[in-house]
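The structure appears right after this line, and notes come after that.
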Amino acid sequence: MSKILPKFLIVILTVIVFLSSCRKKEFDEFYGRPENLGDPIYQQLQTKGNFSRFLECIDKAGYKETLSTAGSWTVFAPTDDAFKTYLQENSLTEISADLASKIVRYSMIYDGEKTEKLSDFFSVKGFIKNTAFRRRSVYYDFVYDEKDNNGNPIKAIATNRNGNYFAGDFNNKSVTYFLAPFMAFSGLTAADYNFFYPNIAYNGANIGAAHILPNQQNIIAENGIIHVIDRVLTPPLSIDQYLTSKPEYSTFKSLLDKFVTYGLNTDISHRYEVLTGKAANVYVKSYSSLLGFSPNNENFLKVDANDAQQGSYSIIAPSNAAVDAYAKAVLLKYWRKKGVRTLDELYVVAPDLIRDYINSHLYNTTVWPSKFSITQNVLGDVTKQTTSDITDKQVLSNGFFYGSNKSQDASVFSTIYGNVNLDPDYIIMKQALLYFNLTIPLKTQSIRYVIIPIPDVTLKKMGFSYEPFFVSQPIRGDLQALRRILQTHIIPLGNRAIPDFRGGAGILETSNGEYIKYNRGTLLSAGTQDSLVVAKQTIPVDSISTTPVNGAAVYGKEALTYTALNVGKHIEKYGTLPTDPYYNFFQFLANNTTLYNRTTGAISGLTDGVSYTVFIPTNAAIVNAVKAGLLPGNITTGVPNFTTTDGASVTLINKFIQYHIINKSTVVSDGQKVGEFETLLKSDSGDASKINVITNTTTTLSLRDVTGATVNVLLGTNDRSNVLSNRTVIHQINSYLKYQF
């Protein structure tokens, strides 16, 4: 037994050694360095022999070890010829250590990627093909000298988010490139590239102003990928840095600075002291979240961690002369009467105007030269400028910069909303429009309106005010009433021309479905005609502005109010005396206790807040209706029996009146509404009886009842049609409408 055991052990050990050697071979084959893998980036550049200047920069920058050991980098390596050109163009003989560091760090991007992958956006969901044109470089700015809001020298660092600062993010600058897959997918051409680089050929392999040299891309190294380029890359300025460096935009920059804050950051202060040996308070320079983006933020929106690969900011910055011209013509136009002469003074009293002016020039998306006319700024406007207005164009580290000889004519200023927005005499109305969310259609250039601004002095007399200290409800007064009044002062035009308010007459539907009238320089509403709230039954038109791009502003000194009376009271106004045009109709209504309340003027079936149209036959037509048996009375003579209490007779009266009232809609002689409309009259099964509006112009309004008979609205000067009531318009018709059932 003792002799057998050693032999057994020998066999076992032999098997173990054999298996171990096999396992090691498999391990080495899987995890070992492939034989065909190139040397690290630094060593490969050494071997090639035409990168001595770049290698010198790598050494000076202290990146030799980084590029000689494990890692994953993409390096855009400029040749010695590229450095020769760079030195000549910049009148240099040597590259300083600081410049070398900038060149090397900006030439390195994270992760080794071949050119075909550079056009893919590495999102949280994986690669999205052909949607990327930027990558985050190793380079970032650190602490720099700055002056705070009071002009005191401080140490500052740029923010890395829009509206705040995120610790641990170095705010790395991005490399912008223009590769064929992305350009084709995005519908971009050489013209988009050459707009920024007019003297450099576009070939679909452009890294900023450089080209990737043919057959010298995708060089695989142990620690990444090398792409050889023909020009030296240096970190571009951010939008904030570029604006600061250019005095020709100093006026616009001074407006931007009004939205800057400096917040002390103890962590950055400590890091600065450790790295420099100098103690100092370091402040994060942040722009207000009221702006579209922070011009010093090198990141994009950060909806996705890498969204800066497929998006960037853009700015169209107006020159000093452009800002001054726009301020004089637009921003300060109305404020001069309040003694406001400069944009600095305007910021104190109306900072929102300065904010909107700035935002009209900011885009939180990439504005490509060929897509000027379709790209919206942060206010939702597309630019009215063209590339011919651009005098300066730059591809910067966090976006595209366009310098312009014009200001953007923002919709918040150029539309009818601008007439209220810009004028200090209408602050209450402006704030109320904002509070009630009524501004969006008014500042949409494609939607046409007439607006009738209400002066502050008038609204104050009516009991309304704006108190910003009441944050949740800054508009004081009866809010429901004010909203209704405001909507009555907003008139949708559609495709119609601006009415002739000076010399013409007509009726107009307002934004809440109510109506106002104009007549040769005066305005009238249901409320003004009652003389209960304002001093005049009609409001004189003081002036008309047709400069808004989407309509007109009509100015008066009073408000177009709504009526507090029920519809019956306006019928009664013209139906009390036998000679009144509504007399016969009103007498049937007034004596019908099941349908009408004599005290309040309320008609049964009419609901508060709902629109109606009432058609009232002439007194003669009522007589004919009696003869036809549709109303109680002497069918031979046509003399009406207004006071009958007979059940069948009361039913006749109810049906007649109900069929002469359109439910939930108002029709007037404005050329707008035709077609079938339901009345208040319903069958026993609940179906509404209908009438048709067959003709509607400003001079003709014709109806057809269910029997096919045509009835005309009387629109003569002395006829009582287009009478304004409570969400209702009353018309006189030349005959009666006949129902069936």
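Just so you know, this note's numbering puts 573 at position 575 of the sequence shown, and the rest follows in order with no gaps. By construction, the Cβ of each residue, glycine as well, lies at the ideal position given by its N, Cα and C atoms.
7 Å Cβ shell around residue i - same chain, five flanking residues per side excluded
{"i": "Asp305", "result": "Phe298, Leu299"}
{"i": "Ala165", "result": "Asp265"}
{"i": "Pro422", "result": "Tyr332, Trp333, Lys336"}
{"i": "Arg134", "result": "Ile107, Tyr108, Asn170, Ser172, Ala306"}
{"i": "Glu111", "result": "Thr72, Ile223"}
Status (buried if at least 16 other CB within 10 Å, exposed otherwise) for residue i
{"i": "Ile438", "result": "exposed"}
{"i": "Lys283", "result": "buried"}
{"i": "Gly501", "result": "exposed"}
{"i": "Leu90", "result": "exposed"}
{"i": "Ser743", "result": "In the structure as shown, the chain begins at -1 and stops at 739. Residue 743 is therefore absent and cannot be evaluated."}
{"i": "Asn221", "result": "buried"}
{"i": "Thr77", "result": "buried"}
{"i": "His268", "result": "exposed"}
{"i": "Lys1", "result": "Confidence in Lys1 is poor, its pLDDT being 41 and thus under 50, which makes the residue's placement unreliable; the coordinate value appears in the next sentence. Result: exposed."}
{"i": "Leu521", "result": "buried"}
{"i": "Arg518", "result": "exposed"}
{"i": "Ala316", "result": "The amino acid occupying residue 316 in the given sequence is Pro; Ala does not appear at that position. Buried is the call here."}
{"i": "Tyr270", "result": "buried"}
{"i": "Ser94", "result": "exposed"}
Other residues of its chain near residue i: CB distance less than 6 Å, five sequence neighbours each side excluded
{"i": "Leu341", "result": "Ala325"}
{"i": "Arg103", "result": "Val136, Tyr137"}
{"i": "Ser66", "result": "Pro38, Tyr40"}
{"i": "Val531", "result": "Any reading at Val531 needs caution, since the residue's pLDDT is 46, under 50, leaving its predicted position unreliable; the model's value is listed next. Gly525, Thr559."}
{"i": "Ile8", "result": "Its pLDDT being 46, under 50, Ile8 is placed unreliably by the model, and nothing is read from it."}
{"i": "Tyr163", "result": "Thr157, Val282"}
{"i": "Val328", "result": "Phe411"}
{"i": "His729", "result": "Phe613, Val711, Ser719"}
Residues bridged to residue i [DSSP beta-bridge criterion]
{"i": "Asp390", "result": "Gly401"}
{"i": "Asn694", "result": "Leu699"}
{"i": "Asp143", "result": "Lys153"}
{"i": "Gln656", "result": "DSSP output for Gln656 lists no bridge partner at all."}
{"i": "Trp366", "result": "For Trp366, which the question treats as bridged, DSSP gives no partner whatsoever."}
{"i": "Lys736", "result": "DSSP output for Lys736 lists no bridge partner at all."}
{"i": "Leu587", "result": "Leu587 is not bridged to any residue."}
Rounded C-alpha distance that separates residue i from residue j
{"i": "Ser444", "j": "Pro546", "result": "12 Å"}
{"i": "Ala199", "j": "Ala59", "result": "31 Å"}
{"i": "Ile542", "j": "Ala495", "result": "14 Å"}
{"i": "Asp26", "j": "Val73", "result": "Unreliable positioning characterises Asp26 in this predicted model, as indicated by a pLDDT of 44, which lies under 50. The coordinate reading is nonetheless provided below. If you take the alpha carbons of Asp26 and Val73, they lie about 29 Å apart."}
{"i": "Thr312", "j": "Phe370", "result": "Residue identity check: residue 312 is Ser in the sequence provided, not Thr. In a straight line, the C-alpha of Ser312 is about 11 Å away from that of Phe370."}
{"i": "Ser310", "j": "Leu377", "result": "17 Å"}
{"i": "Thr232", "j": "Gln406", "result": "32 Å"}
{"i": "Gly673", "j": "Lys653", "result": "22 Å"}
{"i": "Val588", "j": "Lys567", "result": "In the sequence as displayed, the identity of residue 588 is Ala instead of Val. For Ala588 and Lys567, the distance between alpha carbons rounds to 10 Å."}
{"i": "Phe28", "j": "Ile218", "result": "Summary for Phe28: the model assigns pLDDT 40, below 50, so the residue's position carries little reliability, and this model does not support an answer."}
{"i": "Tyr260", "j": "Gly607", "result": "52 Å"}
{"i": "Ile193", "j": "Val448", "result": "Note that residue 193 corresponds to Phe in the displayed sequence, not to Ile. Roughly 41 Å separates the two Cα atoms."}
{"i": "Asn128", "j": "Gln374", "result": "23 Å"}
{"i": "Ile450", "j": "His487", "result": "5 Å"}
{"i": "Lys459", "j": "Pro615", "result": "40 Å"}
{"i": "Lys469", "j": "Val418", "result": "It should be pointed out that residue 469 corresponds to Val in this sequence rather than to Lys. Approximately 21 Å between the Cα atoms of the pair."}
{"i": "Val721", "j": "Val380", "result": "43 Å"}
{"i": "Ile426", "j": "Val565", "result": "31 Å"}
{"i": "Lys23", "j": "Thr64", "result": "Reliability fails at Lys23, whose pLDDT of 48 lies under 50, so the model's placement of it is uncertain and the value that follows must be treated cautiously. Those two C-alpha atoms are separated by around 30 Å."}
{"i": "Tyr737", "j": "Pro466", "result": "56 Å"}
{"i": "Leu629", "j": "Ile731", "result": "17 Å"}
{"i": "Ser386", "j": "Asn403", "result": "10 Å"}
{"i": "Ile483", "j": "Leu241", "result": "46 Å"}
{"i": "Leu432", "j": "Leu477", "result": "13 Å"}
{"i": "Ile237", "j": "Ala550", "result": "38 Å"}
{"i": "Ala533", "j": "Asp703", "result": "In this predicted model, Ala533 has a pLDDT of only 47, less than 50, meaning its place in the structure is not dependable enough to derive any value."}
{"i": "Gln44", "j": "Ala207", "result": "25 Å"}
8 Å CB neighbourhood of residue i in its chain, flanking five on each side removed
{"i": "Leu177", "result": "Thr113, Leu116, Ser117, Phe131, Gly202, Ala203, Asn204"}
{"i": "Ala255", "result": "The amino acid occupying residue 255 in the given sequence is Asp; Ala does not appear at that position. The residues are Asn147."}
{"i": "Thr696", "result": "Gly504, Ser667, Asp668, Gly669"}
{"i": "Leu253", "result": "Val321, Leu341, Tyr345, Ile352, Tyr355, Ile356"}
{"i": "Glu372", "result": "At residue 372 the sequence reads Ile, which differs from the Glu that was named. Hits under 8 Å: Val380."}
Minimum Cβ-Cβ distance from residue i to chain C less than 8 Å
{"i": "Tyr553", "result": "The question asks about chain C, but that chain is absent: this structure has only one protein chain."}
Contact test: residue i Cβ vs the ligand GDP heavy atom, cutoff 7 Å
{"i": "Ala320", "result": "As presented, the structure is devoid of all ligands, the ligand GDP included, so that no description of it is given."}
Starting from the N-terminal side, write out each stretch of the alpha helix (DSSP H) that is 4 residues or longer and does not extend beyond the stretch 162 to 239.
-> Runs found: 178 to 183, 188 to 194.
Q.
I'd like the ranges of any beta strand (DSSP E) spanning at least 3 consecutive residues and lying wholly in the stretch 493 to 546.
A. As far as the stretch 493 to 546 is concerned, its whole beta strand (DSSP E) runs of at least 3 residues are 503 to 507, 513 to 517, 520 to 523, 541 to 543.
Residue ranges of each alpha helix (DSSP H) run of no fewer than 4 residues wholly in the stretch 417 to 482, ordered along the chain?
For the stretch 417 to 482, whole alpha helix (DSSP H) runs of length 4 or above, ordered along the chain, are 425 to 433, 437 to 440, 454 to 459.
query = What runs of the alpha helix (DSSP H), each 4 residues or longer, lie entirely inside the stretch 613 to 690?
reply = Taking only runs of at least 4 residues, the alpha helix (DSSP H) segments lying wholly in the stretch 613 to 690 are 617 to 625, 645 to 657.
Only counting runs of 3 or more residues, tell me where the beta strand (DSSP E) segments fall wholly within the stretch 287 to 359, in order along the chain.
-> List check, beta strand (DSSP E) in window: 311 to 316.
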